[in-house]
Amino acid sequence: MKKELTKEFLERLQLMLETGNNTSVLEELENIHPADIADILTSLSVDESKQIFDLLDDEVSADALMELDEDYRERFIKTLSTEEIVEQVDNLETDDAADLLGELEEDEKDEIIAKLEDQEHASEITDLLKYDEDTAGGLMHKEFVRAKAYWAVDRCVVELRRQAEEVDRIHSIYVVDKDDVLLGILSLKALLFADAKTLIDDIYMREKVHYVKTHEDNEEVANVMEKYDLVAIPVVDRQTKLVGRITIDDVVDVIKEEAEKDFQMASGISENVETSSGVLKNTRSRLPWILIGLAGGVAASQIIKGYEGQIDMNPALAFFIPLIVATAGNVGVQSSAIIVQGLASKDFQFTSIFKQVGKETLVGMLVGLICSIIIFGISYAFMDDIKLGITISISLFIVVVFAAILGAMVPLLLDRVKIDPALATGPFITTANDIIGLTIYFVVAYFVYL
26 MKKELTKEFL
36 ERLQLMLETG
46 NNTSVLEELE
56 NIHPADIADI
66 LTSLSVDESK
76 QIFDLLDDEV
86 SADALMELDE
96 DYRERFIKTL
106 STEEIVEQVD
116 NLETDDAADL
126 LGELEEDEKD
136 EIIAKLEDQE
146 HASEITDLLK
156 YDEDTAGGLM
166 HKEFVRAKAY
176 WAVDRCVVEL
186 RRQAEEVDRI
196 HSIYVVDKDD
206 VLLGILSLKA
216 LLFADAKTLI
226 DDIYMREKVH
236 YVKTHEDNEE
246 VANVMEKYDL
256 VAIPVVDRQT
266 KLVGRITIDD
276 VVDVIKEEAE
286 KDFQMASGIS
296 ENVETSSGVL
306 KNTRSRLPWI
316 LIGLAGGVAA
326 SQIIKGYEGQ
336 IDMNPALAFF
346 IPLIVATAGN
356 VGVQSSAIIV
366 QGLASKDFQF
376 TSIFKQVGKE
386 TLVGMLVGLI
396 CSIIIFGISY
406 AFMDDIKLGI
416 TISISLFIVV
426 VFAAILGAMV
436 PLLLDRVKID
446 PALATGPFIT
456 TANDIIGLTI
466 YFVVAYFVYL
């Protein structure tokens, strides 16, 4: 059940801990989901969290540990002894155990693995630690059920019962050959209705099986599972031997992390930071793009300085500088956001890329035309200067069209050179459009007032 974390509830829990009323603490936490227990732990002091953690059932404490925010978990683990960490790893699935150990130093990691009683569990964790955490190999876990194609149904049932003891949820039964090469999927219905001596080879589904390889990126895994509506997907090595599986709950975490990363990149934050991250990490992640924006601002000021004489002769030109740069930035960010979204979801084919750029150009022309007509009327009505109105409207039209094209092209170019296109939706595109927009504005003004 979900527990609402009220101030009163936390204060009551703290009072129980202070008085050593452990029985009441456990009663309060009874039937609460590990994710909610993790929220409770992060709402208390580290010492209070440790007290509660020590009272929990081994399986519940292991699940709650993995539900903790990553930065908080790194700090909390430091309060645990090596023996306590070993106990937690013993109760975790292989993928979570590998993630937990990946946060430790190498010598501590080796010590914990060496102390695990279940050698098969230790071997599987060691195998997972070889893969990059951002690949299918780093995301998968080893708990799954498989059936050999040459087994008879009666033997298959016995073997699956044995394997199922280590698996929390069975989504699919994977069929492999004698060398563990993935062949297909066995449906539970086919297994239940088959004769005892029927071979699995005669009843499993032979149509194309969707799978991912260990070296494939997490985003690609998420895209495949989303495209084919899968709740689990098998993972194979380069020889298509079955080595693990990835479930939908793992992919949800990937999608969330990628969305957070893209949002941060679009905001000009170059590292993955959390609300709990330290001051130095926050500063380091923000400063590079702030400096780029600063450099862009200096460049823009130099452009204005270069046309200082023109502004002296026509001071009203300065009134509309914010309008030009703001509109250019907004249009550029909108166009780049559409392209980045398409690239992230793999919606674009090679031919559709040019079609999308053309569409963004047409949208920019239409938006520019409408805005230009509106601003011409406003500027002429308030300033009573036909040349000023022409300058602003022509400039705005050109700037909007150019910003739309730039906003569409930059993400595509970044993607082509293997740079995250999400960068294009942030300060980069805004700064570039500021500089280009001001240049266009003053060049048009020069010719109009010539």
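Residue numbers (this note's numbering): 26 to 475.
For glycine and all other residues, C-beta sits at the position ideal for the given N, C-alpha and C.
Please classify residue i as buried or exposed, where buried requires at least 16 other C-beta atoms within 10 Å of its C-beta.
i    : result
P259 : buried
L391 : exposed
L126 : buried
I398 : exposed
V468 : exposed
V256 : exposed
L305 : exposed
T455 : buried
D72  : exposed
M230 : exposed
D440 : buried
H240 : exposed
G357 : buried
F407 : exposed
L42  : buried
F422 : buried
I411 : exposed
Y199 : buried
What are the boundary residues of the alpha helix (DSSP H) that includes residue i?
i    : result
G209 : Unbroken run through G209 is the beta strand (DSSP E), L207 to L211; no alpha helix (DSSP H).
Y175 : Note, Y175: premise wrong, no alpha helix (DSSP H); not H, not E.
T147 : According to the sequence displayed, residue 147 carries Ala and not Thr. Counting along the chain, the alpha helix (DSSP H) containing A147 begins and ends at Q144 to L153.
A139 : E131 to K140
G163 : A161 to L164
P452 : P452 to V473
G414 : I411 to R441
Q335 : E333 to M338
M41  : K32 to E43
V192 : Segment: none, V192 is in no alpha helix (DSSP H) and carries neither H nor E.
V246 : N243 to K252
L476 : Past the edges of the chain, shown from 26 to 475, lies residue 476, and the structure says nothing about it.
State the Cα-Cα distance for the pair residue i and residue j, rounded to the nearest angstrom.
i    : j    : result
I273 : L211 : 19 angstroms
I228 : L216 : 8 angstroms
D152 : H235 : 23 angstroms
V246 : E33  : 43 angstroms
G331 : F379 : 37 angstroms
L81  : Q188 : 27 angstroms
I328 : T464 : 7 angstroms
V192 : R270 : 11 angstroms
S53  : M91  : The displayed chain sequence assigns Glu, not Ser, to residue 53. Taking the straight line joining both Cα atoms gives about 21 angstroms.
I395 : W314 : 33 angstroms
G389 : E55  : 58 angstroms
V170 : V277 : 22 angstroms
L213 : A177 : 15 angstroms
D202 : G209 : 10 angstroms
L154 : V323 : 47 angstroms
A174 : A219 : 14 angstroms
K266 : A123 : 21 angstroms
E133 : A428 : 53 angstroms
L117 : D83  : 10 angstroms
R309 : V261 : 38 angstroms
T44  : L38  : 10 angstroms
Q359 : A325 : 22 angstroms
L69  : T48  : 19 angstroms
E136 : E130 : 10 angstroms
G414 : L342 : 10 angstroms
Taking 9 angstroms as the threshold (C-beta atoms), are residue j and residue i in contact?
i    : j    : result
E385 : A351 : no
I461 : V426 : no
L348 : I417 : yes
D120 : M165 : yes
T67  : D88  : no
I150 : V114 : yes
K75  : T104 : yes
I346 : Y466 : yes
E128 : I102 : yes
L368 : P452 : no
Q335 : I363 : no
For the beta strand (DSSP E) containing residue i, list its first residue and its last residue.
i    : result
V268 : L267 to T272
V261 : A257 to V261
I198 : I198 to V201
CB of residue i to nearest heavy atom of the ligand SAH: below 8 angstroms?
i    : result
M165 : The ligand content of the structure shown is nil, which means the ligand SAH is not present either.
Looking at the C-beta of residue i, does it have a partner C-beta in chain D at a distance below 9 angstroms?
i    : result
F453 : Given the protein chain composition of this structure (a single chain), no chain D is represented.
Please give the ranges of any alpha helix (DSSP H) in the region 342 to 394, keeping only runs that are unbroken, at least 4 residues long and fully inside the region.
346 to 369
As an exercise, report each continuous alpha helix (DSSP H) stretch of at least 4 residues that is fully enclosed by the region 48 to 109, in chain order.
59 to 68, 71 to 80, 83 to 92 and 95 to 102
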